[in-house]
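Per my numbering, the very first residue in the sequence shown carries number -9; after that it's consecutive.
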Amino acid sequence: MPLLEVHDVISGYGSTDVLHGVSISVERDEIVTIIGPNGAGKSTLFKTIMGYLIPRSGKIIFSEEEVTQLKPNQKVVKGIAYVPQLDNTFPSLTIRENLEMGGFSKEREALQQGIETAYSIFPILNDRRNQRARTLSGGQRQMLAMSMALMTEPALLLLDEPSAGLAPKLDEEVFNQIKSLHARGIAILIIEQDAHRSLGISDRGYVLAMGQNHFDGSADTILNDPQIKEAFLGG
Ligand SMILES: Nc1ncnc2c1ncn2[C@@H]1O[C@H](COP(=O)(O)OP(=O)(O)OP(=O)(O)O)[C@@H](O)[C@H]1O
Ligand SMILES: [Mg+2]
């Protein structure tokens, strides 16, 4: 059984449907990338998986349990963590305070343990722990956002455009870090504009267009498909 299964989900905002029957899955040991044009519904899919939007129809199964109707806090308890595309840190709080927010539901000792783990994965966060998050560079902010999500010890991490706005060198660093999180046993689902880099570390990928599944396959298949290259990967 896959870790996450999204079955034929219809979802959107108010009475407007954005996803018109989307299906995806993620295995426990996978990195999976979702690509697709702006407005395709990629972020809407993540908001639906996380429970910020409740599907109008379809099913979401996580760890062999139906979670379609659960709220975000309940999804977190089940083991799903989410790094949003925008506003994913608290700029006026320090790095340490941001990590405390990420682990707010934890007991004191477990919280401290989680923060120490974050510092060991991302030493720069330890160096800057008493500085406000707004002083971080784009890449460092992304590391902080991922660390906040990791505070809940997820089995599945949803990353919405982790490389957005990063210089190419930092971009590479962020993807290396994603790989190392995966090596710690976390399944990862990534939405990404930098399809080459993201598919480069992924097992499989999905192409979403206009709120529907357009294509899926191994990362290599997607990277080498002439029609997808032409339409979605900039030729
Ligand atoms: N809060 C909202 N209320 C109403 N409509 C929304 C809301 N957020 C997004 N939409 C609409 O839903 C559609 C899909 O948006 P979504 O953000 O999921 O796309 P995306 O694939 O993530 O795009 P991008 O690559 O630009 O991030 C768009 O038409 C968008 O205008
Ligand atoms: Mg988006």
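From the three backbone atoms N, C-alpha and C, an ideal C-beta is built for every residue, glycine too.
In this text the structure is predicted, and so the values were computed from the model without any measurement.
Cβ pair residue i, residue j closer than 8 Å
i      : j      : result
Ile181 : Ile44  : no
Leu89  : Ile111 : no
Leu160 : Val73  : no
Leu198 : Gly26  : yes
Cα-Cα separation, residue i to residue j
i      : j      : result
Val12  : Asp117 : 42 Å
Asn166 : Arg98  : 31 Å
Gly201 : Asn120 : 42 Å
Arg70  : Ala221 : The residue you asked about is not Arg; residue 70 is Ile in the sequence shown. When rounded, the distance between both Cα atoms is 32 Å.
Phe52  : Gln217 : 33 Å
Gln64  : Arg187 : 32 Å
Leu115 : Glu163 : 15 Å
Gln183 : Asp215 : 17 Å
Ile0   : Lys219 : 27 Å
Pro81  : Ala123 : 5 Å
Leu101 : Gly224 : 44 Å
Selection from the options that minimises the alpha carbon distance to residue i
i       : options                        : result
Gly155  : Gly129, Thr34, Ala173          : Gly129
Leu140  : Thr58, Asp210, Ser95, Lys32    : Ser95
Glu20   : Leu(-6), Ile0, Phe36, Gly2     : Leu(-6)
Leu134  : Pro158, Arg86, His172          : Arg86
Lys48   : Glu54, Thr38, Tyr42            : For the sequence presented, residue 48 should be read as Gly rather than Lys. Nearest C-alpha to Gly48: Thr38.
Tyr109  : Ala30, Leu60, Glu151, Met138   : Met138
His204  : Met(-9), Leu9, Pro(-8), Ser5   : Leu9
Thr125  : Leu83, Gly224, Ser170          : Leu83
Ser15   : Arg194, Gly224, Pro158         : Arg194
Met(-9) : Leu213, Ile0, Glu56, Thr211    : Glu56
Lys32   : His172, Asp150, Leu189, Gly207 : Asp150
Check: residue i C-beta below 7 Å from any heavy atom of ligand 3
i      : result
Ala145 : With respect to ligand 3, the structure shown offers nothing to examine, as its ligands consist of ligand 1 and ligand 2.
Near ligand 1: residue i beta-carbon under 7 Å from a heavy atom
i       : result
Gly31   : yes
Gly195  : no
Val(-1) : no
Asn203  : no
Residue i CB to nearest heavy atom of ligand 2 below 7 Å
i      : result
Asp184 : no
* With contact counted as at least three CB pairs below 8 Å, one residue from each stretch, are the segment 172 to 186 and the segment 143 to 161 in contact? -> Contact holds: three or more Cβ-Cβ distances are below 8 Å.
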